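**Student:**
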Amino acid sequence: MAATSAFTVFADFTEKNSNNQENWQDANAALLELDKGLRSGKAGEQCESIVRFPNLFEKYPFPILINSASLKLAEVFRTGNNFMRLCILKVAQRSEKHLDKILNVDEFLRRIYSVIHSNDPVARAMTIRLLGSISPIIAERKNAHHSIRTGLDSHDQVELEAAIFATGQFCAQSSDFASGVLNKLATMIEGLTTPIEMKLKLVPIFGHMLHDLHMASKARSVCLELLKSYSACKFVVTILHTLSCLAAKSVSCITDQIELLLLYLKDDPRRNIKYQTLNDLKMLAKEASHMWGRSHIEELCHFLLKCNYDDLKLGGLMTLVTLSTTLAVDQFDKDLILQVCSLESSSSNLIVSAVSCQLQINIAVAQVKQSDTTLCKQAALAVEGTCVICCMEGQVQPLKICLASMNQLVDSHPESCTPLADCLVALLPTVQESVAIEMCHALVTMATQVPSALIHLRCELIDFFKSEVEQESSIVLDVEMRQASSNLLVPALTLIFQAHSCLPEENRNEIKTDIETLILEELEKLTLPCKYWLIYRTARQATRQGFHCLASKLFDSLSTKVASEHFYFWLNALKCFCEAESTLNKPFQTNRDLAESIASASSQYYKGLVSLKAAVTPSSQLTFQITYAKLRADLLQAHSLLFAACASMKSCPPPAIATAVAMTTGQDVHNLSHFATQISQVCQVFRQLGEKYSKLFQSSFDADPVSLENVEILQQSCFLVSHCINLLTKTMQESGFSEITDAEKIKGSDSPLSQACKQLYNYIKEYTLELQSVPVCHLQTEYLRRVSLTLLHVPFIFPKYFFQSRQQTIIKLALSPTPRSSTEQISVLTETQFALKVEGIIEHLGVKPGLYRSIKAVSLHVSWAPDERKQTQAIQDIKMHKPITSLEQTVSPHHDYFSAQFLLSFTTPATYVVMVTTSVVDDTGALWETGPVSSLQVKAVEGNNRLSAGSSRM
């Protein structure tokens, strides 16, 4: 009955708080449906309902729901059969991160614990396992401790295994339990009556005893004694791994543990033990690399020089690779490490050879950071030779290691890019499709790191693309081969785009036109089933590389091949955007042609924005895309205003009286002209655009780093133009550009726009000094035109986040209390404070949660103000007195759930609008304005008015 009443309480709560909060309504409906299944009396339906609870907890992790459901499950556990108890145990294990949301822990534990007195050992075993699974919330309950200790003395194997599992869980949570059971565990392991398999399960429990240094030391000493007493292979492997985990987690005796592992690695002839020691050494290298000494690394190297087994060599090399990426690389004996690398790079095992090349490149990169490039050439030759062998034998896994190492070397030493790129492009026509795909991806990364890496390989890449298209269209391939061919064509086209994007300006447009014509002709030959998806991916890559004319044609051809009108409007919008950018890429003969091109591009952008807004769906709001395109259209308008302002210098000279006024006031005569007013407005427009780009940056929490960098460079370009206007026209307006920090940001990127901004920044400093004593004239306006033209001639790039997002983070809010309907208001007395509870859920819909950045804290900002639509004298009084009308609180989410409470004061009777705005803080401490924003209406009334209204109704 108590569980049923808990469901009733939750149902009543959701009924009262269901206004604009679908979370409560959906959760209530789902919970009642599962409760109906539990009440059906049929075992099948009951078990089916039980196993659906973890998904319900993941979708609606509200404490009141989890508490109600947990009490119901505990009641079923008490009264049900063993199979239902097993299902509930699985639910508890799958919902471990939501256990702390159980509000009535005493009642929950009481129902579960009643089964511990059963005569059925299986029921007792499942109860003990359930106690271990919920140990985070009952870690200090003495009755649970007593039951687990009693279970360790059981003669039933199932109950004993359950007690061992629960002991490990409670040792990780409770210091008292761990200290009390330590001696008992040692006695059980040493006892003759304990089976061998149980002893092996008891040993890993010592790895959880790290609550204090004394306990960790005592647990380590017990394990070392056991290591002397039990020399069997399984015991040694288990004890060594337990000691390594204990040392890594407690951060104590790490050096002693490294020496112990190296001792067993050197002296113990058993291969399994050597393999385990190498795995533990790798773990310690990752967790505590600063504790490694020079002698430890030398001893590991001597082992590798004498070892004859490839799996052991691989384990030792992986340990050295882990150390080479940390500060421990300073402890390396370079000659000894290079001797190991030279020996293993010629290994018949390609994975061993690839990892040795990775180690050599890591050392070379570390030397480059110290301005020493002597090892780079040797490392490049080694990885190139291994890569050729991997390609010849079709080994993808070692090839991936080699290619990743190549990209790491090119990133630190760009001079190594040319020979490596030549080698990979030469191998492309001779390898399998799966190998060629990985090589193309590596070449794309190289071309991103060094933009000019593929210019001299344009013909080879075009021939490779033609051969792939010809092979696909002439040979009847099976499904897998056709899919591989489709996956290879897009990277190959991306390489062609990258190779032609850095051509000299003299003949760039002509060559790009020829390439676009060639690609269109080749794509028409394709007969793949996924041809249209391949064309879309090609167009998407073209927009990211500046080939907008080709992209517009491809998007136009696809717009009639889709079945949804949302997709049609999306493709039509992309076509308009690309047509606008292709218009700007054409050469300008006169100023009139330039003005017409900008006007045409702006018109196309606004036309595309209409289609883009029509493509919005409830599941895809396209907020970033719409804002990004709108800012680009506004930026083109700003450049048009800049050209018009520069032209007004000649068309609207200063008035005749301006000279006399200037002589009297000592001002520049052009400060009194129409040009000064107009250019000042243009400067303000560019500064406002920079601020809008800054807001777009702060709202793009799920964007990849390259897309964020693109938005930041666009912001800096707007601030830079505003800065140039201020310097050249000698105005004192705020530009938003900081010459120290913003210049460093510009120099830190290699994109074409950042390079153009860097050149303009360096040039303007010299030019400003030359014209410092010269009054504002046509020289300054001509340079401003040149600044604008330089930025417009840079191919505009649509970032990756414009098309796809691999990380999607959604925050849903639930406010309590809320009215029953949207038109109803919440009444509160002015003499009291209004308690507002804000609960939220963080949903991750991407490929991997926290792929680019994760949420560390949630900032909630609550503000309330009088409803402007209901103006009264009370509202005017509120505005005159200006009381506190906002509160802010930062909370840390726990398992994607957070909650906060606010006390709001309404001193004057009126109708208020309460707004709750959400922001997030990532791991680096940066604040992101992600939203959402929720609101509710509160009506503040005086106590006397409420009493009089009540008496009149009576």
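In our numbering, the protein residues as written are 1 to 954.
We put the CB at the ideal spot given by N, CA and C, even for glycine.
Note that the structure is a prediction, hence the values are computed from the model and not measured.
#1: If you reduce the DSSP assignment to three classes, tell me which class V847 lands in.
#2: Note down the Cα distance separating R52 from I811, rounded to an integer number of angstroms.
#3: Can you check which of these residues, N104, V355, T430 and L210, is closest to K400 by C-alpha distance?
#4: Quick one: Cα of V941 to Cα of F906, how far?
#5: Could you compute how far the alpha carbon of K939 sits from the alpha carbon of Q715?
#6: Look at the alpha carbon of L936 and the alpha carbon of A865, and state the distance between them as a whole number of angstroms.
#7: What does DSSP give as the partner residues of V916 in its beta bridges?
#8: Relative to the C-alpha of L792, which candidate in Q637, I764 and Q889 has its C-alpha closest?
#9: Just to confirm before moving on: does the CB-CB distance between Q276 and L350 stay below 8 Å?
#10: Can you give me the start and stop residues for the alpha helix (DSSP H) that A382 sits inside?
#11: Looking only at DSSP bridge pairs, what is W928 linked to?
#12: By alpha-carbon positions, which one of F62, E75 and K695 ends up nearest to I50?
#13: Tell me which residue opens and which closes the alpha helix (DSSP H) that A247 is part of.
#14: For the candidate residues C307, H302 and I363, whose alpha-carbon lies nearest to that of T325?
#15: When you compare the CB positions of I66 and K101, do they come within less than 8 Å of one another, or not?
#16: Go ahead and label S934 buried or exposed: buried means 16 or more other beta carbons lie within 10 angstroms of its beta carbon, across all protein chains shown.
#17: Can you tell which of V450, W570, E161 and H241 has its C-alpha closest to the C-alpha of S416?
#18: So, A288 versus V251, is the Cβ gap smaller than 8 Å?
#19: May I ask you to list the residues that DSSP assigns as paired with K939?
#20: Do you know how far the Cα of C171 is from the Cα of Q358?
#21: Are there three or more Cβ pairs, one per stretch, closer than 8 Å when the segment 822-835 is compared with the segment 780-794?
#22: Could you give the uninterrupted runs of the beta strand (DSSP E) lying entirely in the segment 569-600, keeping only those of 3 residues or more?
#23: Where R537 and V921 are concerned, what is the direct C-alpha to C-alpha distance, given to the nearest angstrom?
#24: When you compare only the Cα positions, how much space is there between L779 and S619?
#25: For Q378 and L427, what's the separation of their Cα atoms in angstroms?
#26: Between the Cα of S805 and the Cα atoms of I437, E470 and R853, which residue gives the shortest distance?
#27: Helix, strand or coil for L528 per DSSP?
#28: Can you confirm whether the segment 262-277 touches the segment 302-314 when touching is taken to mean that 3 or more C-beta pairs between the two stretches lie within less than 8 Å?
#29: Quick one: using the 10 Å Cβ neighbour count with 16 as the cut-off for buried, is W570 buried or exposed?
#30: Could you check the C-alpha separation between S722 and C530 for me, to the nearest Å?
#31: Since V682 and L642 are thought to touch, with beta carbons under 8 Å apart, how far apart are those beta carbons, to the nearest angstrom?
#32: In angstroms with no decimal places, state the Cα-to-Cα distance between A178 and K142.
#33: Could you give the DSSP three-state label for S797: helix, strand or coil?
#34: Can you find the residues in the same chain that come closer than 7 Å, C-beta to C-beta, to Q173, ignoring five residues on each side of it along the sequence?
#35: Helix, strand or coil for A123, going by three-state DSSP, please let me know.
#36: I need the straight-line Cα distance from L584 to A595, nearest angstrom please.
**Tutor:** Inspection of the coordinates gives the following:
#1: Counted from its first residue, the sequence shown places residue 847 at position 847. The three-state reading of DSSP puts V847 in coil, since its state is none of H, G, I, E or B.
#2: Within the sequence shown, the letter at position 52 stands for residue 52. Within the sequence shown, the letter at position 811 stands for residue 811. Near 23 Å, if we compare the C-alpha coordinates of I811 and R52.
#3: On the sequence shown, position 400 is the one that residue 400 refers to. Ranking N104, V355, T430 and L210 by Cα distance to K400 puts V355 first.
#4: In the sequence shown, residue 941 corresponds to position 941, counting from 1. In the sequence shown, residue 906 corresponds to position 906, counting from 1. Answer to the nearest angstrom: the Cα atoms are 9 Å apart.
#5: As a working mapping, residue 939 is identified with position 939 in the sequence shown. As a working mapping, residue 715 is identified with position 715 in the sequence shown. Approximately 43 Å between the Cα atoms of the pair.
#6: Indexing the sequence shown from 1 puts residue 936 at position 936. Indexing the sequence shown from 1 puts residue 865 at position 865. Approximately 11 Å between the Cα atoms of the pair.
#7: Translated into positions along the sequence shown, residue 916 becomes position 916. DSSP lists V862 and S934 as partners of V916.
#8: Counted from its first residue, the sequence shown places residue 792 at position 792. The option with the nearest alpha carbon to L792 is Q637.
#9: Along the sequence shown, one-based indexing puts residue 276 at 276. Along the sequence shown, one-based indexing puts residue 350 at 350. Cβ distance not < 8 Å, so Q276 and L350 don't count as in contact.
#10: In the sequence shown, the residue the question calls residue 382 occupies position 382. Per DSSP, A382 belongs to the alpha helix (DSSP H) from C376 to E393.
#11: The sequence position of residue 928 within the sequence shown is 928, counting from 1. Partner(s): V920.
#12: As a position in the sequence shown, residue 50 is number 50, starting the count at 1. Looking at the Cα atoms, E75 is the closest of the given residues.
#13: Counted from its first residue, the sequence shown places residue 247 at position 247. C233 to S250 is the extent of the alpha helix (DSSP H) around A247.
#14: Reading the sequence shown from its first residue, position 325 is the one you call residue 325. Measuring from the Cα of T325, the nearest candidate turns out to be I363.
#15: Working through the sequence shown from its first residue, we reach residue 66 at position 66. Working through the sequence shown from its first residue, we reach residue 101 at position 101. Annotated as proximal: I66 and K101, with beta-carbon spacing under 8 Å.
#16: On the sequence shown, residue 934 is found 934 positions in, with the first residue counted as 1. Label assigned to S934: buried.
#17: Taking the first residue of the sequence shown as position 1, residue 416 is located at position 416. For S416, the closest C-alpha among the options V450, W570, E161 and H241 is that of V450.
#18: What you label residue 288 is simply residue 288 of the sequence shown in a count that begins at 1. What you label residue 251 is simply residue 251 of the sequence shown in a count that begins at 1. Cβ atoms of A288 and V251: closer than 8 Å.
#19: Translated into the one-based positions of the sequence shown, residue 939 becomes position 939. Bridge partners of K939: S827 and T911.
#20: Position 358 of the sequence shown, counting from 1, holds the residue named residue 358. Position 171 of the sequence shown, counting from 1, holds the residue named residue 171. Distance between the alpha carbons of Q358 and C171: 40 Å.
#21: no
#22: DSSP runs (the beta strand (DSSP E)) wholly in the segment 569-600: none.
#23: The residue you call residue 537 lines up with position 537 of the sequence shown. The residue you call residue 921 lines up with position 921 of the sequence shown. Taking the straight line joining both Cα atoms gives about 34 Å.
#24: Residue 779 sits at position 779 when you count from the first residue of the sequence shown. Residue 619 sits at position 619 when you count from the first residue of the sequence shown. Distance between the alpha carbons of L779 and S619 is about 53 Å.
#25: Translated into positions along the sequence shown, residue 378 becomes position 378. Translated into positions along the sequence shown, residue 427 becomes position 427. Looking at the two C-alpha atoms, the distance is approximately 21 Å.
#26: By one-based count along the sequence shown, residue 805 stands at place 805. Nearest C-alpha to S805: R853.
#27: In the sequence shown, the residue the question calls residue 528 occupies position 528. Three-state DSSP puts L528 in coil, outside helix and strand.
#28: With three or more CB-CB distances shorter than 8 Å, the segment 302-314 counts as touching the segment 262-277.
#29: Locating residue 570 in the sequence shown gives position 570, where the first residue counts as 1. With 16 or more Cβ atoms within 10 Å of its Cβ, W570 is classed as buried.
#30: For the purposes of this step, residue 722 is identified with residue 722 of the sequence shown, where counting begins at 1. For the purposes of this step, residue 530 is identified with residue 530 of the sequence shown, where counting begins at 1. Cα to Cα, the separation comes out at about 47 Å.
#31: Working through the sequence shown from its first residue, we reach residue 682 at position 682. Working through the sequence shown from its first residue, we reach residue 642 at position 642. Confirmed, Cβ separation roughly 5 Å.
#32: For this step, residue 178 is matched to residue 178 along the sequence shown. For this step, residue 142 is matched to residue 142 along the sequence shown. Each residue's alpha carbon lies about 13 Å from the other.
#33: Numbered from its first residue, the sequence shown carries residue 797 at position 797. Here the sequence assigns Ile to residue 797, which means Ser is not the residue at that position. Coil at I797, not helix or strand.
#34: Along the sequence shown, read from residue 1 onward, the residue named residue 173 stands at position 173. The answer, listed in chain order, is S135, P136 and A139.
#35: Translated into positions along the sequence shown, residue 123 becomes position 123. It is helical.
#36: As a first step, residue 584 is located in the sequence shown; it is residue number 584 there, counting from the start. As a first step, residue 595 is located in the sequence shown; it is residue number 595 there, counting from the start. Approximately 10 Å, taken between the alpha carbons.
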